[in-house]
Amino acid sequence: MGQPDREHRRPRGRLRLTLLAVLILASAGRAQDLAEFEARVTEFTLDNGLKFIVLERHEAPVVTCYTHADVGAANEVTGLTGLAHLFEHMAFKGTQRIGTRDYEAEAQVMAKIDAIFTEMKAERRKGDQANPQRLAELHQQFQEAQQETQAFLVHDEFEEVLKQAGGTGLNAGTSSDYTVYFVNLPSNKLELWMLMESDRFLNPVLREFYKEKNVVIEERRMRTESQPVGKLLEEFLAAAYKAHPYGVPVVGHMSDLEALERAEAEAFFRTHYVPSNLTMAVVGDVDPARVKALAQAYFGRIPARPDPDPVETVEPPQQGERRVIVEDPAQPFVLIGYHKPSINHPDNAVFDAITDIVGMGRTSRLYKSLVKEKRIAMYASGFQGMPGSKYPGLFLFYAVPARGHSNQECEAAIYAEIGRLKNELVSAEDLKKARTRARASVIRQLDSNSGLAGQLTAFEVMTGDWRNLFKQIDQINEVTAEDIQRVARQYFTTRNRTVGIIETTTGENES
Amino acid sequence: MKSRHGHWAAWILTITGAACFMGLAPAAALTLDHEKLTYPPLHDIVVPEVQRVTLPNGMRLFLLEDHELPLIYVSARIRVGSIYEPADKVGLADITGEVMRTGGTASKTGDELDEELERLAASVETSIGLSSGSASVSVLKEDIDRGLAILADVLMHPAFRPDKIELAKMQHRSSIARRNDQPDSIAAREFRQLIYGPESPYARHTEYATIDNITRDDLVAFHKRFYAPNNTMLAVWGDFDAEQMVERIEKAFADWQKIDLDLSATPAVDYAWGSSVNLVSKPDINQSNIYLGHIGGVMSDPDYFALTVMNQILGGGFTGRLFKNVRSRQGLAYSVFGRYASGYDHPGQFYVGCQTKSASTVHAIRAMIDEIEKITAEEVTDEELELAKTSYLNAFVFNFDSKGEIIRRLMTFEYYGYPPDFLQQTKDRVEQVTKADVLRVARAHLKPDTLKILVVGNPADFDEPLSTLGQVNAIDIAIPTPGK
């Protein structure tokens, strides 16, 4: 949902003992440590298909409650882009019980608002032939109808109830792959979350839809249209994907956002927010038996519905390099992406190792070459998983050129490092460091109830088993120097490449 | 030992709590009205006791044992800051803080430190902010001696190698070149200058010329002036025995000698009250970044507690009035924010702002001013006060869910001269705040008729000219190029 985000906290806890034993002290049997971790995890699936992962951490009387919906912008279709993210916003608008004084009466006015909006759209579509007087009338009616609903509304009640109970970090997020909703609560308020969360996925009411759309449109202006790198990323992904929906911006195209109707968002919800598409994590000071009993009572209310259709589109191989340019007064920036397989491909671990070697920390190759030695960039790195991991994504290299240095210099220096990956085997020392750093980076993500909840659900949904969170470390440990060379040669080819740059227009911002 | 006792107490509470829950577990009844839910009592929060030691060389230690994990963390505060750097060398403090670590020590280069620390899966970092310097260590417990040795070496004997000074200067110059690329950072920066004045240590920023002026000798002198044991606090938490840890630290810093400190007072803020309307014209964007406000306060003000409640009601997250009225009800902005900020040692800013499409710029400004006027004109409602207070009190537990947070907070309070129980005092005082208090402090501290307004945006597309709000002062953000 976004914005207020100043309450992020990073509780530490006992979990790290286990993880560190697994990850850093390494020599002990990994299977045994995973077993100890497993002993504190309880999993169950309700009759309607909704899955729960419960992890006990009793260090502090707090809990993170986390919903992972297996639906993201990649599930949208042409003309309806931005819908996954818009629904995420709408999920905070309440239910038939929360956020309203009289749902029945409110529903009638909402239907009226919808009808006026549809008519306005039809009139506007006439372009030059549109009747300005009719448009003005409709606009007036639209405002009046929206005003009429105010009498029924209890504004922002969903947020208020959780906040009053001591909730912190309440928020949500949408990516191409998934949509997540989360809150931290004092652990005695677990039942409140059960009620609120189950209610919004049972009976969400998309009230004040057209106002929230304007909020999202402002979000698009802020993140994409007023941010040079945001602009570049949108153009870059559109160039890298011509078929798969990974090429479509999560926030949606402006004209789609303007045209979206409430019924379309409701249809999207009914199709994709089926219980079998939802995975919840509850991490903290809770008793799993109690969690299960409450989950059955509250989430068991949601009727089972059929699974949505999967995304069938596959991105065809590129026929040659693609380049996009954004002309902007901003300073230069260069992005280089190569198509790679999804998270479930055996080469994924090799890309993790490459991420460590080229992109992590002061000793990484790109930082060393472009920043420390050549001093042509203020920062340079590389990583995988953009724009997602569920479907074949991109391995991305990027550089922020130093003052007085160009995209071209940085691009050439990045290709030189890619050439090294292809032509020289990485040293045993490099590989060992990559393993240590990969482990440490996993640990850092697990350093809190909320981090854990996010990781457990993401791995469960995208790879079929949360245990892969641990197994990925085994996989990185098995990566050889030869694997890295093979993967670099196979994927980092000119033909498989998309390059995006910001080309600075003169005048505006000095050089 | 006290902290160990605390650890066991927490463990026992957890066990009994869990057992109690088990008894309740089967067959949960469904309650569909959230107001009818009843909650079990929250498990007790055991706040561990932090041990305090002052070493003979004057270094003040804070220690907290935590035996859950085989890890040790160190966090240091040094009384230093960019407030102490000369106006023609802005950037000196930041570069000193960075190159202390990247430039290595007498015995090791920074690159050698990078390699060694990464092999140990450890980190040692340093930095200098506005009014405080920091240093941190994170290591596995068996590497603590090495971690402390590197920390001590970096704090006591930084070599300030020229190549890393040049690297830091290059990065500063690149940041200067990029500082007008993002409208939100332009707005925050220029508003700070409107509030504190462009020359103020709280608002000034680097220029090519100030970076060019900085020499290695400046770094050496700046370090020498501030980095001393009697100017340093060190917090340590993790898997160790406190008594032994004190010995280890004493050994690591044995050669560090006290110095006579020459610390001038924190710079004063001389706020010039008055309204103004200010515009940064940026024709390439379609959204306005708006800030309005005036000077804020300090946490030592007795009104701080009521202002904390007022902030919740005005701009608190998803439930504050600004969010409700500017975002939810009017759909004018995605990002809307505002608070009367109180600093530890100098006045913060009172600011309200949002990002809205060019065509609703003046409308949004009026909507935000309305909210400031309203909170100074009439009492907040019972419901608003209740929400602000109970949410604060119910979320209080999150202040104690991390050992690092507990010990660092204590060190911060001491650093800025606040009592160790300041957080508890805040809680007690927040509980007593009334509607009349909120109105009183809002009237005393917020001046809706004396606001400085700043817009970064494209005036050609505004709904009304900014001049309807007052005479417009155009701010030139062109970046001065250095004489070559």
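Those protein sequence lines, which keep their order, are chains A and B.
With the first letter of the first sequence counted as 1, position 430 gets the number 431 in the numbering used here; the numbers rise by one all the way through.
With the first letter of the second sequence counted as 1, position 484 gets the number 471 in the numbering used here; the numbers rise by one all the way through.
Note that beta-carbon positions come from the ideal geometry of N, C-alpha and C, so glycine has one too.
Quiz item: With burial defined as no fewer than 16 other Cβ atoms inside 10 Å of the residue's Cβ, what is the status of Val34 of chain B: buried or exposed?
Solution: exposed
Note to self: With a threshold of 6 Å on Cβ separation, who are the neighbours of Met379 of chain A within its own chain once the five nearest residues in sequence on each side are excluded?
What the structure shows: Val401, Ala403
| query | Apart from the five residues on each side of it in sequence, which residues of its chain come closer than 6 Å, Cβ to Cβ, to Tyr492 of chain A? | reply | Tyr339, Lys341
Just list the residues that DSSP pairs Gly261 of chain B with in beta bridges. According to DSSP, which records beta bridges pairwise, Gly261 of chain B is partnered with nothing at all.
Check: Is there at least one Cβ from chain B nearer than 8 Å to Thr364 of chain A's Cβ?
Finding: yes
Point to revise | Reference Gln319 of chain A; option with closest CA among A:Thr499, A:Ala381, A:Leu238 | key: A:Thr499
### Query
From which residue to which residue does the alpha helix (DSSP H) around Met255 of chain A run?
255 to 260
Residue nearest to Glu580 of chain A in terms of C-alpha spacing, selected from A:Asn132, A:His406, A:His90
Nothing can be reported for residue 580 of chain A: it is not among the residues displayed for chain A, which extend from 2 to 512.
- Query: Under three-state DSSP, which class holds Asp329 of chain A?
  - Reply: strand
Problem - Assigned exposure category for Ile326 of chain A - 16 Cβ within 10 Å defines buried - result: exposed
- Which residues, in chain order, does the region 107 to 131 of chain A contribute to contact with chain B at a C-beta distance below 7 Å? none
I'd like to know whether the C-beta atoms of Asn479 of chain B and Ser227 of chain A end up nearer to each other than 8 Å. With chain B covering only -12 through 471, there is no way to say anything about residue 479 of chain B.
**Prompt:** Between which two residues does the beta strand (DSSP E) containing Gln274 of chain B stretch?
**Reply:** 274 to 282
TODO: Tell me whether Leu58 of chain B is buried or exposed, calling it buried when 16 or more other Cβ atoms sit within 10 Å of its Cβ.
DONE: buried
Backbone CA spacing between Glu509 of chain A and Leu51 of chain B [nearest angstrom]:
Caution applies to Glu509 of chain A, whose pLDDT of 46 falls short of 50 and renders its modelled position unreliable; the value that the coordinates give is listed next. In a straight line, the C-alpha of Glu509 of chain A is about 53 Å away from that of Leu51 of chain B.
Worksheet entry | Under 7 Å from the C-beta of Gln169 of chain B: neighbouring residues of chain A | Gln228
**Prompt:** Distance, Cα to Cα, Glu425 of chain A vs Asp484 of chain A?
**Reply:** 12 Å
- Query: Under 7 Å Cβ-Cβ, which residues of chain B neighbour Tyr299 of chain A?
  - Reply: Leu17
Can you give the beta carbon distance from Val384 of chain B to Pro62 of chain A, rounded, assuming they're within the 8 Å contact cut?
6 Å
* Near Val77 of chain B, which residues of its chain fall below 6 Å by C-beta distance, leaving aside the five closest residues on each side in sequence? -> Arg191, Thr193, Thr197
| query | Rounded to the nearest angstrom, how far is the Cβ of Val55 of chain A from that of Thr43 of chain A, given a contact under 8 Å? | reply | 4 Å
*asked:* Against chain B, which members of the region 186 to 198 of chain A pass a CB distance test of less than 8 Å?
replied: Pro187, Ser188, Asn189, Lys190, Glu192, Leu193, Leu196, Met197
Trp224 of chain B, enclosing alpha helix (DSSP H) - first and last residue
Trp224 of chain B -> not in any alpha helix (DSSP H); beta strand (DSSP E) instead, spanning 219 to 225.
Quiz item: Listed in chain order, which residues of the region 304 to 316 of chain B have Cβ atoms closer than 8 Å to some Cβ of chain A?
Solution: Gly304, Phe305, Thr306, Phe310, Lys311, Arg314, Ser315, Arg316
Less than 8 Å between the beta carbons of Gly248 of chain A and Asp178 of chain A, yes or no?
no
Item to complete: Measure from the alpha carbon of Pro435 of chain B to the alpha carbon of each residue in B:Thr219, B:Gly261, B:Arg308, B:Ser94, then state which is nearest.
Response: B:Gly261
Can you tell me which of the three DSSP states Lys269 of chain B falls into? coil
At the 8 Å Cβ level, is Thr197 of chain B part of the contact set with chain A, yes or no? no
- Which residues bound the alpha helix (DSSP H) around Tyr195 of chain B? 195 to 200
Contact list for Thr219 of chain B against chain A, beta-carbon separation under 8 Å
Near Thr219 of chain B there are no residues of chain A at all, since even the closest Cβ is about 25 Å away, more than 8 Å.
### Message
Between which residues of its own chain and Arg416 of chain B is the CB-CB distance below 7 Å, once the five residues before and five after are set aside?
### Response
Phe292
Between the region 440 to 451 of chain B and the region 387 to 396 of chain B, do at least 3 Cβ pairs fall closer than 8 Å? no
Practice task
Could you round the C-beta distance between Gly280 of chain B and Leu438 of chain B to whole angstroms and report it? I think they count as a contact, below 8 Å.
Solution key: 6 Å
By a C-beta neighbour count over all protein chains shown, 10 Å radius and 16 as the cutoff for buried, is Val315 of chain A buried or exposed?
exposed
Go ahead and pull the three-state DSSP assignment for Pro402 of chain A. strand
- Query: For the region 466 to 481 of chain A against the region 349 to 363 of chain A, are there 3 or more C-beta pairs whose distance is under 8 Å?
  - Reply: yes
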